[in-house]
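FYI, this note's numbering numbers position 91 of the sequence shown as 406, with every residue one higher than the one before it.
Glycine residues also receive a C-beta, built at the ideal position from the N, C-alpha and C atoms.
Note that this is a predicted model, so its numbers are computed, not measured.
For reference, the structure discussed in these notes is given below.
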Amino acid sequence: MPAEFFVHRHIYGKWACCCYQYLVQAPALPQVINGSTPAAGLVAHTLISRFVDHLPYYRREAINARSNVHTPRSTLASWSGQAGAALEPPYEIHKRFVLAARVFHGRRDAGRDAGPRRR
């Protein structure tokens, strides 16, 4: 079954007090991009399409348009930028954890061709 876009509605209850004319509403669930329409899955899909699959925004825009979802390139780029900013704190924590290690384990030829070595 191919992937498809869907609208996920969140309905939050509101309670009112007649005596004090006070309104209370359940808090909204936190999102990757606060106050925005895309859910975390759509933002993650956009990031993976762009940076892992090397799919440019104009192609992602055309793929979304085939599903009758209009997402301009500027919107996709904005989502990616805001998601990158949201990922900055966990990145810094992970970086501090890795750099705090006494010993680094890695391959000596990392980044080079992993083919057989000639002597």
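{"Asked": "May I ask you to verify whether the segment 357-367 touches the segment 328-338, counting CB pairs closer than 8 Å and requiring at least 3?", "Found": "no"}
{"Asked": "Taking the alpha-carbon of TYR373 as reference, which of THR390, ASN349 and ARG324 has the nearest alpha-carbon?", "Found": "THR390"}
{"Asked": "How big is the Cα-Cα spacing for VAL322 and LEU370?", "Found": "24 Å"}
{"Asked": "If we ignore side chains and look at the alpha-carbon of each, how far apart do TYR406 and GLY396 end up?", "Found": "15 Å"}
{"Asked": "Where do the ends of the beta strand (DSSP E) carrying LEU338 lie?", "Found": "337-340"}
{"Asked": "For the beta strand (DSSP E) that ALA331 lies in, which residues bound it at each end?", "Found": "329-332"}
{"Asked": "In chain order, what residues of the same chain have a beta carbon less than 7 Å from the beta carbon of ASN383, not counting five sequence neighbours either side?", "Found": "none"}
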